[in-house]
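Report on one structure; see the data block that follows.
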Amino acid sequence: MAITDLPTQIEQGAKLIRAGKLVIFPTETVYGIGADGLNPEAIQKIYAIKKRPQDNPVIIHISQLTQLKTLVKRIPKTAQVLMERWWPGPLTILLERNALIPDIVTAGTDKVAIRMPDNPIALALITAAQTPIAAPSANTSGKPSPTNYNQVMADLGAKADLVIDGGQCQYGLESTVIDMTDEPIILRPGAITKEQIDATIGPVATLSPQDIENGKSSPGVAFKHYAPNAPLQLYPETPEMPTIIRRDASQLISAGKKVAIIGTTENAGAYPHNALFYNLGSRQQLTEIAARLFNALHFCNQQQVDIILCETFPKIGIGVAIMDRLERASNK
Ligand code: TXA
Ligand code: MG
2 MAITDLPTQI EQGAKLIRAG KLVIFPTETV YGIGADGLNP EAIQKIYAIK
52 KRPQDNPVII HISQLTQLKT LVKRIPKTAQ VLMERWWPGP LTILLERNAL
102 IPDIVTAGTD KVAIRMPDNP IALALITAAQ TPIAAPSANT SGKPSPTNYN
152 QVMADLGAKA DLVIDGGQCQ YGLESTVIDM TDEPIILRPG AITKEQIDAT
202 IGPVATLSPQ DIENGKSSPG VAFKHYAPNA PLQLYPETPE MPTIIRRDAS
252 QLISAGKKVA IIGTTENAGA YPHNALFYNL GSRQQLTEIA ARLFNALHFC
302 NQQQVDIILC ETFPKIGIGV AIMDRLERAS NK
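Numbering (this note's numbering), first residue to last: 2 to 333.
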């Protein structure tokens, strides 16, 4: 296929969306696989291609606030404040759905998840399509989300009708999901931190492990996620962490295993030279670590390692989302 310029690709993408086809496009968080958010048959194709459980609902992406009126019953004042502060941006807000939203979008629930992405390609695509776009992350269900074009092509790329290359995603980690239909509660930690939300609308609740066990959570939270092909082993954040990782890596290498270590600049010198090392950056820069996290998991897949040993991080600020993804990738 001839290489076309970006505006042409966006125009093509919009036509495909309107025709019920699937388009993979960049957002500021991760790449999404999009369909017309009001076309249930098109959205069903996303579920099939991703092998996504049917009871895991999808996010609706909009490019203008005026689109909201037709999609939701009401916008609580606090939700409005969040939108004014964080949209466009990596915050997904659950509101009461309108009848226009197909059941498949919400998995039959009465709430719809909506966000306005902060990416010029995504915004232009939604505007040109003249319809909200339903888009989960563009990965096979359970696998790490793609944050660049090569990662898209290594997974679902060939199965979409068009892939728009927008380079590396800025945040590299999915949006935060907050339910605003009642008392605000964060269902999925993400690129916008709880601290940032608290500072905007006052303290909000988060899901406790108990809630998740009782099935109170966002449906997606219950599923195994983000898993690389090799087992991922996490090491508690103690002063001995690098020493213990080095010891385990050396033993595994002696036993003939291909080992990858995902770690940080501060500890790089501690690790054996015959282990593959993916440097997430400095422990002082958790935002950069978040942005590289899925790249690290994709790197381990490309290298076909047997096992991954990984540092852990304080559960503060963006560290909460980093540890959420790592813990689920390690299938704990
Ligand atoms: O950053 C992002 O949010 C990316 C980009 C592409 O926008 N999208 C993304 O979509 O991560 P997905 O489908 O991989 O994750 C959406 C999460 C899931 O945990 C899902 O269960 C939850 O949002 N969710 C979506 N709609 C919901 C609803 N109506 N009620 C409860 N949870 C919902
Ligand atoms: Mg996902």
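Glycine included, each C-beta is placed from N, C-alpha and C at the ideal position.
Give the secondary structure of residue i by DSSP, where H, G and I count as helix, E and B as strand, and everything else as coil.
i      : result
Lys78  : helix
Glu97  : strand
Leu83  : helix
Thr239 : coil
Gly264 : strand
Gln10  : helix
Gln55  : coil
Thr244 : helix
Ala20  : coil
Ala49  : helix
Val73  : strand
Asp212 : helix
Leu39  : coil
Thr207 : strand
Ala231 : coil
Which residue from the options puts its Cα closest to that of residue i?
i      : options                           : result
Ser255 : Thr244, Tyr32 and Ala276          : Ala276
Thr28  : Leu96, Ala49, Ala125 and Lys16    : Ala125
Ser64  : Ala269, Asp212 and Met117         : Met117
Thr107 : Gly21, Gly38 and Pro229           : Gly38
Ala291 : Asn268, Gly264 and Ile202         : Gly264
Ala250 : Leu310, Gln305, Ile198 and Glu241 : Leu310
Asp104 : Gln131, Met181 and Ile60          : Ile60
Gly143 : Ala271, Pro41, Arg53 and Lys316   : Arg53
Glu85  : Ile202, Leu188 and Gln169         : Ile202
Ala80  : Ser138, Asp307, Pro185 and Ala261 : Pro185
Arg329 : Ala231, Ile262, His226 and Ala322 : His226
Leu7   : Thr182, Ser176 and Gly167         : Gly167
Gly270 : Gln285, Arg284, Arg247 and Lys258 : Arg247
Asn296 : Leu66, Ala206 and Ala228          : Ala228
His62  : Thr132, Leu96, Glu97 and Glu267   : Thr132
Counting only the same chain and skipping the five closest in sequence on each side, list residues whose C-beta sits under 8 Å from that of residue i.
i      : result
Gly318 : Thr194, Glu196 and Leu287
Pro237 : Thr313
Gly13  : The residue asked about is misnamed: residue 13 is Gln in this sequence, not Gly. These residues qualify, in order along the chain: Thr5 and Leu163.
Gly320 : Leu287 and Phe314
Leu66  : Met84, Trp88 and Met117
Is there at least one non-hydrogen atom of ligand 4 closer than 8 Å to the beta-carbon of residue i?
i      : result
Gly264 : Absent from the structure shown: ligand 4. Ligands present: ligand 1 and ligand 2.
By Cβ distance below 7 Å, which residues in the same chain neighbour residue i in space, the five residues on each side in sequence not counted?
i      : result
Pro89  : Met117, Pro118, Asp119 and Leu124
Ile245 : Tyr236
Arg293 : Gly173, Leu281 and Gly282
Leu253 : Val260 and Ile308
Lys302 : Sequence inspection shows Asn at residue 302; the Lys mentioned does not correspond to that position. Excluding residues within five positions, the ones whose Cβ falls inside 7 Å are Pro229 and Asn230.
Is it buried or exposed, residue i, if we count other Cβ atoms within 10 angstroms and call 16 or more buried?
i      : result
Ser146 : buried
His274 : exposed
Lys112 : buried
Thr148 : buried
Ala159 : exposed
Gln68  : buried
Gly191 : buried
Excluding five sequence neighbours on each side, which residues of the same chain lie with their C-beta closer than 6 Å to the C-beta of residue i?
i      : result
Asp162 : Leu17, Lys22 and Leu23
Ile44  : Ala36, Ile105 and Ala135
Gln152 : His299
Tyr32  : Ile25, Ala139, Pro147 and Val153
Which complete alpha helix (DSSP H) runs does the stretch 119-189 hold, if anything under 4 residues is left out? Those alpha helix (DSSP H) runs which fall completely within the stretch 119-189 and span 4+ residues are 121-130 and 150-155.
Would you list, in sequence order, the uninterrupted alpha helix (DSSP H) runs of no fewer than 4 residues that lie entirely inside the stretch 249-333? You should have 287-303 and 320-330.
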